[in-house]
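Below is one structure; the comments refer to it alone.
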Amino acid sequence: MAKRRRVRWDRVILVFGPLVLLILIIGVSCHHRDGSESGENPTVTDIVIDSSQPVETDPNAVPTVAEAKPLTICIDAGHGGNDSGATDKPKDKSNDTSNKRLEKDDNLRLALAVQESFRKYPDIQVIMTRETDVYVELQERCDIANNANADFFISLHRNMAESGKGVEVWINNESMGDNTMDKLMSEYILDWLEKVGISERRGIHYGFREGEGNYESNNYYVNRYTNMPSILLEMGFMTSKEDNRNFDDHLSEYADAIAGAMVELLTDKGLYPAQT
Ligand SMILES: [Zn+2]
């Protein structure tokens, strides 16, 4: 029968106790040093970024300036406030507008619909010269686009005449050369609107229509004083029942066509999707 060996716990503690205590002290002191000397968080210089590795992006992250949407389109709803623009009853010169269809309202409806249509394209941001029924000076409209460094300017209007129907675009008379961007914008947009359905394609016009007021240097003011490619789109005649019916029936399709045409043009030019 083996003799049972008696463990002398008092001696074990006496021998190993100080050793355990020493290990604990060293451990705590090292941890403390990490926290106090290097700061609670690593400094910027401590972070080494390996640019060869793909960076994972957080879809919920707030975009920085460098990631901001690079393509900006300014949508200008013509007229507004006290300036009604054209009406469906040009012979009625009274100030009573209650029984008239007003261009300023149609322009705003279309502009807001176009703004909505561009939401499908995350690389494009839209700025508006007005979003309500307010009067905005022509120079202020240009300033809004110029100050935002907008890439494109689209002014939305409707026509008025004793007779006539259809859609036309006005651009700066210095853009008469081949394939200037405002000419291309006009062609693409007219193509897309034609696919939706318009009464007549009246084409591209340069400068301004004789006898109209809002022009400078033989151009419509907004085409003259914006720094970016710009067009003035006349979306049918207020005085044409057919155009008014088209406008009401196809408003959202027209808006989608304007946005779609711009995106197709930008894609063809290698500008979309935008590069950051
Ligand atoms: Zn107008």
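Sequential numbering from 0 applies to the sequence shown in numbering that gives the first Met the number 0.
Where is the CB? At the ideal position from N, CA and C, for every residue including glycine.
Given the structure is predicted, the values throughout are model-derived calculations rather than measurements.
- The set of residues with CB atoms less than 5 Å from any heavy atom of ligand 1 reads, in chain order, 77, 84 and 156.
- Your pair residue 115 and residue 260 does not check out as a contact, with CB atoms roughly 16 Å apart and the cut at 8 Å.
- When secondary structure is reduced to three states using DSSP, residue 271 falls in the coil class, being assigned neither helix nor strand.
- The beta-bridge partner set that DSSP reports for residue 127 consists of 74.
- Excluding the 5 residues flanking it on each side, residue 140 has same chain C-beta neighbours closer than 7 Å at 75, 128 and 221, in chain order.
- Looking at the DSSP output, residue 83 sits in no beta bridge, so it has no partner there.
- Apart from sequence neighbours up to five positions away, the residues of its chain that approach residue 204 with a beta-carbon distance below 8 Å are 167, 168, 169 and 170, ordered along the chain.
- Within 10 angstroms of the beta-carbon of residue 92 lie fewer than 16 other beta-carbons, which makes it exposed.
- From the listed residues 207, 72, 200 and 189, the smallest Cα separation to residue 256 is found for 189.
- A direct Cα-to-Cα measurement between residue 195 and residue 138 gives close to 33 Å.
- Considered as a whole, the stretch 106 to 163 harbours 137 to 146 as its complete alpha helix (DSSP H) runs of no fewer than 4 residues, in chain order.
- Taking the CA atoms as reference points, residue 113 sits about 31 Å from residue 90.
- Nearest Cα to residue 87 within the set 248, 267, 240 and 246: 240.
- For residue 171, the secondary structure class from DSSP, reduced to helix, strand or coil, is coil.
- Counting of Cβ neighbours within 10 angstroms places residue 102 among the buried residues, the total reaching 16 or more.
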